[in-house]
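K.L.:
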Amino acid sequence: MRIAARPLALLAPCLVVLACNWACADDRRASLQVAAGDEHAAEIYSHICQGCHMANGRGAVGAGHYPALAGDLTLVSWEYVGITILRGRKGMPAFGLSADEAKQTRSVHLDDAEVADLVNYLRRHFGNHYNSKVTARDIAGLPHPDADGEREL
Amino acid sequence: MGDDGNRSALSRRDLLRLIGATAGGSAMYQAMSSLGFAADSPYRGPISLSAAPRGASVLVLGAGVAGMTAALELRDAGYQVQVLEYNARAGGRNWTLRAGDRYTELGGLTQECRFDKDLYLNPGPWRIPHHHRGILSYARRFGVPLEAFVQVNYNAYLHNTKAFGGKPQRYREIKADYQGHVAELLAKATKQNELDEAVTTEDREKLLQSLRQWGALDKHHRYVASNESSMRRGWQTPRGGGLSARPTPSTPVELSDVLHSGLWASVANGDELDMQTALFQPVGGMGRIGEAFARELGSLIRYNAKVVDIRQDEHGVTATYEDAQSPGVTQTASADWCVCTIPLPILAQIPMNVGTPMALAIAAVPYASAVKVGLQFKRRFWEQDEQIYGGITYTDLPITNIGYPNTGYHGSGKGVVLGAYVWGRDAMEFTAMTPDERIQKTVEYGTQIHPQYPQEFDNGMAVAWHRSPFTMGCFGLWTEHSRATHYDNLCAFDNRIVLAGEHASFLGAWQEGGVTSALDAVTRLHARAVAQGERARGAQA
Numbered sequence: 001m002r003i004a005a006r007p008l009a010l011l012a013p014c015l016v017v018l019a020c021n022w023a024c025a026d027d028r029r030a031s032l033q034v035a036a037g038d039e040h041a042a043e044i045y046s047h048i049c050q051g052c053h054m055a056n057g058r059g060a061v062g063a064g065h066y067p068a069l070a071g072d073l074t075l076v077s078w079e080y081v082g083i084t085i086l087r088g089r090k091g092m093p094a095f096g097l098s099a100d101e102a103k104q105t106r107s108v109h110l111d112d113a114e115v116a117d118l119v120n121y122l123r124r125h126f127g128n129h130y131n132s133k134v135t136a137r138d139i140a141g142l143p144h145p146d147a148d149g150e151r152e153l
Numbered sequence: 154m155g156d157d158g159n160r161s162a163l164s165r166r167d168l169l170r171l172i173g174a175t176a177g178g179s180a181m182y183q184a185m186s187s188l189g190f191a192a193d194s195p196y197r198g199p200i201s202l203s204a205a206p207r208g209a210s211v212l213v214l215g216a217g218v219a220g221m222t223a224a225l226e227l228r229d230a231g232y233q234v235q236v237l238e239y240n241a242r243a244g245g246r247n248w249t250l251r252a253g254d255r256y257t258e259l260g261g262l263t264q265e266c267r268f269d270k271d272l273y274l275n276p277g278p279w280r281i282p283h284h285h286r287g288i289l290s291y292a293r294r295f296g297v298p299l300e301a302f303v304q305v306n307y308n309a310y311l312h313n314t315k316a317f318g319g320k321p322q323r324y325r326e327i328k329a330d331y332q333g334h335v336a337e338l339l340a341k342a343t344k345q346n347e348l349d350e351a352v353t354t355e356d357r358e359k360l361l362q363s364l365r366q367w368g369a370l371d372k373h374h375r376y377v378a379s380n381e382s383s384m385r386r387g388w389q390t391p392r393g394g395g396l397s398a399r400p401t402p403s404t405p406v407e408l409s410d411v412l413h414s415g416l417w418a419s420v421a422n423g424d425e426l427d428m429q430t431a432l433f434q435p436v437g438g439m440g441r442i443g444e445a446f447a448r449e450l451g452s453l454i455r456y457n458a459k460v461v462d463i464r465q466d467e468h469g470v471t472a473t474y475e476d477a478q479s480p481g482v483t484q485t486a487s488a489d490w491c492v493c494t495i496p497l498p499i500l501a502q503i504p505m506n507v508g509t510p511m512a513l514a515i516a517a518v519p520y521a522s523a524v525k526v527g528l529q530f531k532r533r534f535w536e537q538d539e540q541i542y543g544g545i546t547y548t549d550l551p552i553t554n555i556g557y558p559n560t561g562y563h564g565s566g567k568g569v570v571l572g573a574y575v576w577g578r579d580a581m582e583f584t585a586m587t588p589d590e591r592i593q594k595t596v597e598y599g600t601q602i603h604p605q606y607p608q609e610f611d612n613g614m615a616v617a618w619h620r621s622p623f624t625m626g627c628f629g630l631w632t633e634h635s636r637a638t639h640y641d642n643l644c645a646f647d648n649r650i651v652l653a654g655e656h657a658s659f660l661g662a663w664q665e666g667g668v669t670s671a672l673d674a675v676t677r678l679h680a681r682a683v684a685q686g687e688r689a690r691g692a693q694a
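Going down the list, the sequences are from chains W and V. Residue 107 in our numbering sits at position 107 of the first sequence; the count goes up by one each step and never skips. Count along the second sequence from 1, then add 153; that gives the number in our numbering.
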């Protein structure tokens, strides 16, 4: 089921629990005076994305690397970012999998509204200033993961 | 994928789950078997390659279990072998953290292991099933001593936060009650002739007999408080000696309570092919196997070598690498052939001139998220207070497992348990935390099962596999679709390059997958090298 609108009343109880569990996420949130979409995207980022892309969006380098989001030129294209989140890219998991596939891999899957929030968030944080905003409808128009699980190279 | 009905959102419930209010861990094993993990090993004894063509050489990338298996067998066949390894140690995911070890994860946070002497955490593999003959054969060959890994401990717990008021239940009680009630139901149906189509009159009596024995039923085929059932689930007043210890039977939990608890989901974990007794662990930690491999290969392994480019042409393969400790200055290593065991998320980023089928396959496999947390406690309270000697407690909390040490029983000093083995989305969340936060959450969750935690906790180590600089994930996560499309292309030779590792096996996440894929790869490599050698000689003649 897709959440088309996300009333704040629904979100609020989560935040209370979040504040107890994740001090760091809470600190970040306190400094953000943003719309609900950004707030939700910040939660997704701090609970999922930053595992690899790091809290500061600078990525990391080892035998391979996690790309930095700060100053990432590919962010100029919201389509590229959206497709990457939906379908995964190289080692990155897909977050737009079907319910079945996500269950099989015990992964997280985001709906189009959440992907839109996240795309907007990434393009306007970590020093990025791409201010055009996309909506769930825009994301719905992007290629989602195929049934055959094809990914982006 | 435009079908909204099939795609569920990160709902409020999901979010709550995400942040650890509730979670599910036991479905994991079912999911794993459906992904092709629960497969037997095809290993059928040591391979024996005939002599290598004169002067033939192989470059092995990665000194994990697969890479070192390949290197060892090829060296023994007479190939000139060189191994490049990113880490300053061998083993890869075959790895044990012990006192004094330092580990820096991606993002730069460093942990120093402050466990007591002889205590350890295996961040990667921790058990070897008896039928994983490949990895066991190398342990035997190297003289690595093994001891029993306890998978099923009847006195450990099954725990569901939403059942029995959140109180952990002993495995023995849930197993006995689940089995006993099911046996009683079947016996009833049999007696009422409801199974006539499936059971002949002749078999009927035998079935009833067997159900009585299987379920510990009384002579009326009921599963009730009785001597029979207490000999499975335990006594209310235990048996003992003298006048003070006459046993009284215990009362089983109702069928409905067992069913609603969901705890039955973990009862059969030890029946899975890869979890069946006997299982083993190397004495001193899983890393002993990797260390033994490394001793065997000696100077063939070049450490701190970060591969940045892989080129092949009609003559051979060249890897360009830089010193992982001082980037910038590159060197090259060349050979006739290359066995590449670099984990796919890293390999996908290294320029390499292979054809489209292999390139697509390399990019097709994301890696599973997993986190392991080791907790050192001031005393072995699980043994002293709860009589839990080794084995595993399963819980629906994000920590999913509590693994008790299968060694050092009755030690008077400290002890280290595996406090968390986190999977899937919960693991992504644990990965997003700092090591200290992961340890803190692990202690918090575990306190729901062992109230002694806060009092006895000493220190911990937390390894999130997506933060591992040398794998960028835990293991290759194939789906039915991706396997059907890409698996053969991943394993097939691309001119002079062949891949090996658990990702190139149907034994994903198991060391046996690494061993058997390496043996398969070097066998094919050898056949090619010999054939080419013969062609070359033919051309000269």
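Using N, Cα and C, we set each Cβ at its ideal position, and we do this for glycine too.
Taking only runs that begin and end inside the region 453-505 of chain V, name each unbroken alpha helix (DSSP H) of 4 or more residues, in chain order.
P.N.:
For the region 453-505 of chain V, whole alpha helix (DSSP H) runs of length 4 or above, ordered along the chain, are 497-500.
K.L.:
Which residue comes first and which comes last in the alpha helix (DSSP H) that contains W/T135?
P.N.:
No alpha helix (DSSP H) holds W/T135; DSSP gives it neither H nor E.
K.L.:
Is the CB of V/F534 under 9 Å away from at least one CB in chain W?
P.N.:
By this cut-off, V/F534 is not an interface position.
K.L.:
Between which two residues does the alpha helix (DSSP H) holding V/V651 run?
P.N.:
Segment I650 to L652 is the beta strand (DSSP E) holding V/V651; no alpha helix (DSSP H) there.
K.L.:
In chain V, what lies closer than 7 Å to W/H65 by C-beta?
P.N.:
Ordered by position in chain V, the residues that pass the 7 Å Cβ test against W/H65 are Q502.
K.L.:
Assuming W/R151 and W/R87 make a contact with CB atoms under 8 Å, what is their CB distance in whole Å?
P.N.:
Confirmed, Cβ separation roughly 6 Å.
K.L.:
Determine the burial state of W/N131: buried for a count of at least 16 other Cβ atoms within 10 Å of its Cβ, exposed for fewer.
P.N.:
Exposed, because fewer than 16 other Cβ atoms sit within 10 Å of the Cβ of W/N131.
K.L.:
Comparing alpha-carbon positions, which option in V/R375, V/I541 and V/E444 lies nearest V/V570?
P.N.:
Considering only alpha carbons, the answer is V/I541.
K.L.:
Any beta-carbon of chain V closer than 9 Å to the one on W/V119?
P.N.:
Closer than 9 Å: no.
K.L.:
Chain W partners of V/R578, CB-CB under 7 Å?
P.N.:
Chain W residues near V/R578: R106, S107 and V108.
K.L.:
How many whole angstroms separate the CB atoms of V/N642 and V/L528, which I take to be in contact at a CB cut-off of 8 Å?
P.N.:
Not really, about 42 Å apart at Cβ, beyond 8 Å.
K.L.:
Listing by chain order, which chain V residues have their CB less than 7 Å from the CB of W/G91?
P.N.:
Neighbours of W/G91 on chain V, chain order: L497, P498, A501, P519, Y520, M625 and G626.
K.L.:
Counting beta carbon pairs with one atom in the region 212-232 of chain V and one in the region 256-264 of chain V, are three or more of them shorter than 8 Å?
P.N.:
Too few Cβ pairs lie closer than 8 Å, so no.
K.L.:
Could one say the Cβ of V/M581 lies closer than 9 Å to chain W's Cβ atoms, at least one of them?
P.N.:
So, interface residue.
K.L.:
Determine the contact status of V/H697 and V/Y196, defining contact as a CB-CB distance below 9 Å.
P.N.:
Beyond the ends of chain V as shown, which are 154 and 694, falls residue 697 of chain V; an answer cannot be given.
K.L.:
Using CA coordinates, which residue listed in W/M54, W/C52, W/I83 and W/G51 is at the minimum distance from W/L142?
P.N.:
For the residues W/M54, W/C52, W/I83 and W/G51, the minimum Cα distance to W/L142 belongs to W/I83.
K.L.:
DSSP three-state call for V/N554: helix, strand or coil?
P.N.:
Here V/N554 sits in strand by DSSP.
K.L.:
Are the region 466-486 of chain V and the region 434-441 of chain V in contact at 8 Å, needing three or more beta carbon pairs?
P.N.:
Too few Cβ pairs lie closer than 8 Å, so no.
K.L.:
Can you tell me which of the three DSSP states W/P145 falls into?
P.N.:
Of the three classes helix, strand and coil, the one that applies to W/P145 here is coil, per DSSP.
K.L.:
Looking only at DSSP bridge pairs, what is V/Q235 linked to?
P.N.:
In DSSP, V/Q235 forms a bridge with V/L212.
K.L.:
The beta strand (DSSP E) with V/D611 in it runs from where to where?
P.N.:
Here the beta strand (DSSP E) through V/D611 covers F610 to A617.
K.L.:
Quick one: list the residues of chain V neighbouring W/S77, beta-carbon separation under 7 Å, in chain order.
P.N.:
Correct list: empty, because the minimum Cβ distance to chain V is about 19 Å.
K.L.:
At a Cβ cut of 8 Å, what residues of the region 33-48 of chain W count as close to chain V, listed as they run along the chain?
P.N.:
The residues in question are E43, I44, S46, H47 and I48.
K.L.:
When the Cα atoms are used, what is the spatial distance from V/A241 to V/D254?
P.N.:
Between V/A241 and V/D254, the C-alpha separation is close to 12 Å.
K.L.:
Let me see if you follow: with CB-CB separation under 9 Å, is W/V154 close to chain V or not?
P.N.:
Because chain W spans 1 through 153 in this model, residue 154 of chain W falls outside it and cannot be assessed.
K.L.:
Is any beta-carbon of chain V found at less than 9 Å from that of W/G51?
P.N.:
Yes - at least one Cβ of chain V is within 9 Å of the one on W/G51.
K.L.:
Any heavy atom of the ligand GTP closer than 8 Å to the Cβ of V/M439?
P.N.:
The ligand GTP is absent from the structure shown, which contains no ligand whatsoever.
K.L.:
Taking a cut of 7 Å between CB atoms, which residues from the region 629-662 of chain V lie near chain W?
P.N.:
So the close ones are L630, T632, H634, S635 and T638.
K.L.:
Which chain W residues are close to V/P622, counting only those with a beta carbon under 7 Å from its beta carbon?
P.N.:
Ordered by position in chain W, the residues that pass the 7 Å Cβ test against V/P622 are G62 and A63.
K.L.:
Are there 16 or more other CB atoms within 10 angstroms of the CB of V/L237, so buried, or fewer, so exposed?
P.N.:
Answer is buried; the Cβ neighbour count reaches 16.
K.L.:
I need the straight-line Cα distance from V/H413 to V/L550, nearest angstrom please.
P.N.:
Those two C-alpha atoms are separated by around 17 Å.
K.L.:
Does the distance from the CB of W/L97 to the CB of W/C49 come in under 9 Å?
P.N.:
No, the pair does not count as a contact, with Cβ atoms beyond the cut-off.
K.L.:
Helix or strand or just coil, what does DSSP make of V/M625?
P.N.:
Coil.
K.L.:
Excluding the 5 residues preceding and the 5 following V/L416 in the sequence, name in chain order all residues of the same chain whose CB lies nearer than 7 Å to its CB.
P.N.:
Same-chain partners within the cutoff: L311, N313, A316, Q322 and I327.
K.L.:
Mapping the DSSP letters down to three states, classify W/M54 as helix, strand or coil.
P.N.:
Looking at W/M54 - three-state DSSP - the assignment turns out to be coil, as it is neither helix nor strand.
K.L.:
Excluding the five sequence neighbours on either side, which residues of its own chain have a C-beta within less than 6 Å of the C-beta of V/A615, listed in chain order?
P.N.:
If we look at V/A615 and ignore the five residues flanking it on each side, its Cβ neighbours are V526, P588, R591 and I592.
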